[in-house]
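Report on the following structure.
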Amino acid sequence: MKIQVPDAAKRIIEQLNTNGFEAYVVGGCVRDSLLGRMPEDWDITTSAKPEQVKEIFKRTVDTGIQHGTVTVLIDHEGYEVTTYRIDGEYEDGRHPKSVEFTGSLLEDLKRRDFTINAMAYSDREGLVDAFGGEMDLERRTIRCVGNSLDRFTEDALRILRAIRFSAQLDFTLEEDTRAAISLMAPNMGKVSKERIQVELTKLLLSGHPERIKAVYDNGIAPYISPHFKEAGRRLKETEKIGNLPLKKHMRWSGFLRQEEPQDAVRILKELKLDNDTIHQTKTLVSFWKMEIPADKPAIRHVMSGLSQELFEDLLCFQKVFCPNPYQAQLTVVEQFSEEILRAGDCIRLKDMAVTGRELMDAGMKPGPEMGAVLNRLFQIVLNRPECNNREYLMKSAEHFLEEQA
Numbered sequence: 050m051k052i053q054v055p056d057a058a059k060r061i062i063e064q065l066n067t068n069g070f071e072a073y074v075v076g077g078c079v080r081d082s083l084l085g086r087m088p089e090d091w092d093i094t095t096s097a098k099p100e101q102v103k104e105i106f107k108r109t110v111d112t113g114i115q116h117g118t119v120t121v122l123i124d125h126e127g128y129e130v131t132t133y134r135i136d137g138e139y140e141d142g143r144h145p146k147s148v149e150f151t152g153s154l155l156e157d158l159k160r161r162d163f164t165i166n167a168m169a170y171s172d173r174e175g176l177v178d179a180f181g182g183e184m185d186l187e188r189r190t191i192r193c194v195g196n197s198l199d200r201f202t203e204d205a206l207r208i209l210r211a212i213r214f215s216a217q218l219d220f221t222l223e224e225d226t227r228a229a230i231s232l233m234a235p236n237m238g239k240v241s242k243e244r245i246q247v248e249l250t251k252l253l254l255s256g257h258p259e260r261i262k263a264v265y266d267n268g269i270a271p272y273i274s275p276h277f278k279e280a281g282r283r284l285k286e287t288e289k290i291g292n293l294p295l296k297k298h299m300r301w302s303g304f305l306r307q308e309e310p311q312d313a314v315r316i317l318k319e320l321k322l323d324n325d326t327i328h329q330t331k332t333l334v335s336f337w338k339m340e341i342p343a344d345k346p347a348i349r350h351v352m353s354g355l356s357q358e359l360f361e362d363l364l365c366f367q368k369v370f371c372p373n374p375y376q377a378q379l380t381v382v383e384q385f386s387e388e389i390l391r392a393g394d395c396i397r398l399k400d401m402a403v404t405g406r407e408l409m410d411a412g413m414k415p416g417p418e419m420g421a422v423l424n425r426l427f428q429i430v431l432n433r434p435e436c437n438n439r440e441y442l443m444k445s446a447e448h449f450l451e452e453q454a
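Under the numbering used here, think of the first position of the sequence shown as 50, with each following residue one higher.
Have a look at this one:
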């Protein structure tokens with residue numbers, strides 16, 4: 050099968066060949082091309098040493114030169130070019146203590162994680178598949194290159210990568226690979242929480258986020274974090290997570306929806322999620338079980354406490370997870386919320402016809418009392434949007450102040 054290599058990557062390979070070196074596209078781009086998917090990156094492997102690559106190409110960046118990687122810049126795009134290498138001993142269960150450059154493509158492919166990622170291709174040589182990767186693609190199987198225990202001992206993150214690839218590609222785990230995952234699960238304790246989070250997020254954003262169950266079924270969860278492990282006890286209807294939009298906070302909320310909000314936050318903080326995702330997830334986990342009345346004033350009150358996007362996310366979330374009796378009501382809520390937006394009703398304090406500045410101009414001192422008055426005015430506007438005019442609200446403010454006097 051001929052793979053359509055981008056012109057820039059093809060030019061890099063041809064230029065390396067012209068200078069007497071072997072070169073191939075390798076890894077994920079070969080896998081995805083054979084699957085008919087669009088590769089995200091086109092990585093190149095070569096017999097040329099990093100300094101030789103830099104001599105051949107005018108514009109390069111030392112991306113990871115100690116590991117043999119140089120980024121070659123062509124047509125405003127970067128292509129990682131990495132020298133064939135043999136990894137030394139893995140002391141920390143994540144990184145080789147040393148790397149040795151080699152002139153053998155086979156040795157380079159041998160160190161890779163899974164057979165489907167250990168294929169190389171060039172127009173000149175065709176597909177190089179020494180470990181049965183193409184057959185595993187046909188079988189829809191995730192299988193380690195060589196001995197599974199060795200591959201997971203070298204780099205424990207591969208344990209999660211195996212499950213993540215199975216979710217992204219809808220592949221099954223080959224039995225020896227699956228057994229090794231369960232056996233080597235304790236090694237996950239050597240992996241940084243940031244790297245774990247990246248894999249779990251990719252898994253949840255895949256076409257089969259329900260495969261996160263495999264993290265629990267194979268005994269991995271306790272080595273991610275104690276609180277993450279506990280979340281598995283409340284895990285149910287995981288197949289519904291895939292009905293949520295491809296948004297990080299939506300998928301994490303779907304996974305953590307049965308948790309108490311503070312527990313969901315604790316798990317996400319342990320995994321080093323960004324603050325926006327943590328806030329959005331906490332909000333959805335807090336509110337998704339709340340039935341919103343099919344009543345415009347009540348809907349305005351809910352809308353006023355959320356950004357417009359997060360309110361829409363909440364309705365979407367409820368459509369996926371709330372029971373059927375509420376669904377008809379939810380349809381009305383959605384319709385009413387659209388009417389509220391079209392009418393331009395005030396649902397934000399900043400859009401009220403009277404501001405704190407105007408109250409101060411009228412003689413009111415800034416402080417808690419003025420804040421309380423503004424809030425009471427806002428409640429009036431949320432219940433009766435037609436009251437959002439300066440004259441009415443200023444008179445109401447005067448009345449509230451007389452009550453307090």
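Yeah, the Cβ is synthetic: ideal placement off N, Cα and C, and Gly gets one too. In this text, all values refer to a predicted model and were calculated from it rather than measured experimentally.
Assigned exposure category for D136 - 16 Cβ within 10 Å defines buried | Around the beta carbon of D136, a 10 Å sphere encloses 16 or more other beta carbons of the protein chains shown; the residue is thus reported as buried.
Under the three-state reduction of DSSP, which class applies to V130: helix, strand or coil?
-> Strand.
Count the other C-beta atoms from every protein chain shown that fall within 10 angstroms of the C-beta of A58, then say buried if there are 16 or more, exposed otherwise.
-> It is buried - the Cβ of A58 has at least 16 other Cβ atoms within 10 Å.
Which first and last residues belong to the alpha helix (DSSP H) in which E279 is found?
-> Note, E279: alpha helix (DSSP H), P275 to A280.
Between L186 and S171, what straight-line distance do the alpha-carbon atoms span, to the nearest angstrom?
-> Straight-line measurement puts the Cα of S171 at about 19 Å from the Cα of L186.
Sub-7 Å separation of L254 and R300 beta-carbons | Yes. Within cutoff.
Taking all protein chains shown into account, decide if P325 is buried (16 or more other Cβ within 10 angstroms of its Cβ) or exposed.
-> Residue identity differs from the one stated: residue 325 is Asp in this sequence, not Pro. Classification for D325: exposed.
Mind checking whether the beta-carbon of K399 lies closer than 6 Å to any heavy atom of the ligand ATP?
-> Although the ligand ATP was asked about, the structure shown includes no ligands whatsoever.
Anyone know if the C-beta pair for T190 and T221 falls short of 7 Å?
-> Closer than 7 Å, so yes.
Classify E440 as helix, strand or coil using the three-state DSSP reduction.
-> Judged by DSSP in its simplified three-state form, E440 adopts helix.
Following the continuous beta strand (DSSP E) through V381, name the residue where it begins and the one where it ends.
-> Counting along the chain, V381 sits inside no beta strand (DSSP E); it lies in the alpha helix (DSSP H) bounded by residues N373 to A392.
If we ignore side chains and look at the alpha-carbon of each, how far apart do M50 and I165 end up?
-> Their backbone Cα atoms lie some 15 Å apart in a straight line.
Distance, Cα to Cα, R108 vs I123?
-> Approximately 8 Å between the Cα atoms of the pair.
Span of the alpha helix (DSSP H), counted from its first residue to its last, around L206 | Note, L206: alpha helix (DSSP H), L206 to L218.
Run the CB neighbour count on G303, radius 10 Å, all protein chains shown included, and call it buried at 16 or more, exposed below.
-> Buried, because 16 or more other Cβ atoms sit within 10 Å of the Cβ of G303.
How would you write the range of the beta strand (DSSP E) that L176 sits in, first residue to last?
-> Residues G175 to V177.
Under the rule that 16 or more other beta-carbon atoms within 10 Å means buried, what is N373, buried or exposed?
-> By the 10 Å Cβ count, N373 comes out exposed.
Per-residue burial, D362 [other beta carbons within 10 Å of its own, 16 or more giving buried] = So D362 ends up on the buried side.
If you drop the 5 nearest sequence neighbours on each side, which residues of the same chain put their C-beta closer than 8 Å to that of R425?
-> Correct list, in chain order: S445 and F449.
Mind listing, in chain order, the continuous alpha helix (DSSP H) runs of no fewer than 4 residues lying wholly within the segment 216-244?
-> You should have 224-233.
Taking just the CA atoms, how far does V334 sit from F150?
-> If you take the alpha carbons of F150 and V334, they lie about 50 Å apart.
Residue range of the alpha helix (DSSP H) that includes G420 = Counted as a single uninterrupted DSSP element, the alpha helix (DSSP H) harbouring G420 occupies residues P417 to N432.
Quick one: what's got a C-beta closer than 6 Å to A205's C-beta in the same chain, skipping five residues either side?
-> Contacts found: G142, N236, M237, K239 and V240.
Distance, Cα to Cα, F70 vs Q115?
-> Roughly 20 Å separates the two Cα atoms.
Kindly indicate which residue of P294, K289, I273 and G117 has the alpha-carbon position closest to the one of L317.
-> It is I273 whose Cα lies nearest to the Cα of L317.
Anyone know if the C-beta pair for S231 and N196 falls short of 7 Å?
-> At a Cβ-Cβ threshold of 7 Å, S231 and N196 do not count as neighbours.
CB P258 to CB G291, shorter than 7 Å?
-> A contact, by the Cβ cut-off of 7 Å.
Best match in L379, S353 and S356 for proximity to L365 [C-alpha to C-alpha] | Contrary to the premise, residue 365 reads as Cys rather than Leu in this sequence. Closest option to C365, Cα to Cα, is L379.
Using the DSSP secondary-structure output, state which residues sit across from E149 in a beta bridge.
-> The beta-bridge partner set that DSSP reports for E149 consists of I135.
Looking at the unbroken beta strand (DSSP E) that takes in G256, where does it start and where does it end?
-> Run containing G256: none; DSSP gives neither H nor E here.
Measure the alpha-carbon distance for R200 versus K321 and round it to whole angstroms.
-> Per the coordinates, the alpha-carbon of R200 lies some 26 Å from the alpha-carbon of K321.
What residues are listed by DSSP as bridge partners for L122?
-> Under the DSSP definition of a beta bridge, L122 partners with G127.
Alpha carbon to alpha carbon, how far is A313 from S356?
-> Looking at the two C-alpha atoms, the distance is approximately 20 Å.
Relative to the C-alpha of G117, which residue among T131, F106 and V110 is closest?
-> Looking from the CA of G117, the closest CA among T131, F106 and V110 belongs to T131.
Between which two residues does the beta strand (DSSP E) carrying V102 extend?
-> Annotation: V102 is outside any beta strand (DSSP E); the continuous alpha helix (DSSP H) that includes it extends over P99 to I105.
Beta-carbon proximity list for L442, same chain, < 8 Å, skipping 5 on both sides | The answer, listed in chain order, is M401, A402, V403, L426, I429, V430 and C436.
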